[in-house]
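Residue numbers (our numbering): 133 to 394.
We put the CB at the ideal spot given by N, CA and C, even for glycine.
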Amino acid sequence: MSKSPRLHTADEIARARAAAQRAAAVLDMITPHVRAGVSTEELDQRCHDFIVHELRCVPANVGYHGYPKTLCTSINEVVCHGIPSPKAVLKDGDIVNLDVAVVHEGWFGDTSRMFCVGSVSPKAQRVVDAAFEAMWAGIRQVRPGATLGDVGHAIQRAAQQAGCQVVHEYGGHGIGQIYHDALFVASYGQPGQGVRLQPGMLFTIEPMLNAGGRKVRELADGWTVVTADRSLSAQWEHMVAVTADGFEVLTAPAGEEPAGPG
């Protein structure tokens with residue numbers, strides 16, 4: 133990790149964009165396979181094969197600090213870093229986050245999305261939608277001269293308006309030629325505080341929202357993080373570049389941004 137945020141050139145951002153688009157393509161590919169009766173192991177294997185054989189990229193998560201899989205698959209009360217398993221079979225009513233990262237020509241792309249399996253409860257839909265809206269509330273704060281405190285404050289405000297709590301222990305990060313580079317992008321903060329944004333910065337925004345309390349705990353496997361009260365949790369993640377006059381979301385499909393103020 134570098135000691136200070138890197139400022140990337142236009143050519144470097146283009147390389148990061150290429151990696152980011154490939155990460156997003158993995159989630160596009162896997163979408164029709166996320167359904168009841170499918171194990172997270174099967175989803176992981178499909179994504180691994182697609183990354184290696186179709187995209188000609190490297191699955192960034194495999195072996196990262198000893199992590200064993202391509203995806204993180206976080207179901208219901210799992211906040212993040214759920215490990216794919218043949219025993220984890222999706223069922224109707226589940227919500228699941230699929231988090232993927234790839235390496236393309238030395239650059240990292242990182243993104244995650246929520247998926248609803250079959251018909252989900254209103255509570256589950258609420259936390260999924262709230263996390264999406266909170267992510268975009270944070271993204272819309274990104275511009276030269278703004279601060280990470282502005283981003284975090286917008287995320288937290290959106291979450292609270294939806295009756296959810298943001299997780300403090302995990303958040304976004306700098307990215308580029310290093311998977312987790314300088315910058316911690318918290319999902320809370322005070323306006324005007326923290327690192328001031330400059331053109332050329334690259335980072336992820338990935339709020340994790342809980343339907344209950346914000347406290348979490350790590351399971352004995354050393355990876356899986358769950359809500360302490362076993363309430364539902366949801367996360368969305370995009371990779372963002374600070375531009376001369378605002379932002380570019382490197383992992384977003386065209387037309388994804390929701391309506392509404394930031």
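Those residues which DSSP pairs with residue i across a bridge
i      : result
Ile227 : Cys248
Gln367 : Met340
Phe379 : Val374
Glu350 : Val357
Gly306 : Asp313, Phe335
Ala269 : DSSP lists no partner for Ala269.
Cys296 : Partner(s): none; Cys296 has no beta bridge.
Ile207 : Val228
Cys212 : Val357
Thr279 : Arg328
Ala386 : Note: Ala386 sits in no beta bridge, so no partner.
Ser319 : Paired residues: none, contrary to the question.
Ser171 : Val221
Where residue i falls: helix, strand or coil (DSSP)
i      : result
Glu338 : coil
Cys179 : helix
Thr356 : coil
Val259 : helix
Arg149 : helix
Gly241 : strand
His140 : coil
Val190 : strand
Val166 : coil
Ala220 : coil
Val158 : helix
Val235 : strand
Tyr199 : coil
Given residue i as reference, the closest of the options once Cα atoms are compared
i      : options                        : result
Phe182 : Val166, Ala142, Gly324, Met161 : Met161
Pro216 : Met267, Gly225, Tyr199, Gln273 : Tyr199
Tyr401 : Gly250, Phe335, Glu301, Asp377 : No statement about residue 401 is possible, as the shown extent of the chain runs from 133 to 394 and does not include it.
Gly324 : Ala352, Arg275, Gln367         : Arg275
Asn208 : Gly225, Tyr196, Ala150, Leu315 : Gly225
Gly354 : Ala384, Arg178, Val158, His197 : His197
Asp361 : Val158, Ser136, Val210         : Val210
Gly238 : Gln367, Tyr311, Leu315         : Tyr311
Phe264 : Ile287, Arg154, Val158         : Ile287
Val298 : Gly277, Cys248, Cys204, Met267 : Met267
Arg289 : Ala314, Ala318, Asp313         : Ala318
Leu341 : Thr141, Lys255, Cys204, Val170 : Lys255
His185 : Glu389, Val234, Gly295, Arg272 : Val234
Ala386 : Ala151, Glu144, Ser136, Ala157 : Ala157
Cβ distance (whole Å) where residue i is taken to contact residue j below 8 Å
i      : j      : result
Met371 : Gly241 : 6 Å
Leu230 : Leu175 : 7 Å
Val357 : His213 : 5 Å
Pro339 : Ala291 : 7 Å
Val232 : Val249 : Not quite, the Cβ-Cβ distance comes to about 18 Å (not below 8 Å), so this is no contact.
message: Quick check: the segment 177–191 against the segment 280–298, are at least 3 beta-carbon pairs closer than 8 Å?
response: When Cβ pairs closer than 8 Å are counted between the two stretches, the segment 280–298 is seen not to touch the segment 177–191, the count staying below three.
query: Are three or more beta carbon pairs between the segment 217–226 and the segment 339–351 nearer than 8 Å?
result: Cβ pair count under 8 Å is below three, so no.
query: Is it a yes or a no for the segment 330–338 touching the segment 304–312, going by three-plus beta-carbon pairs under 8 Å?
result: Result yes; three or more Cβ-Cβ pairs closer than 8 Å.
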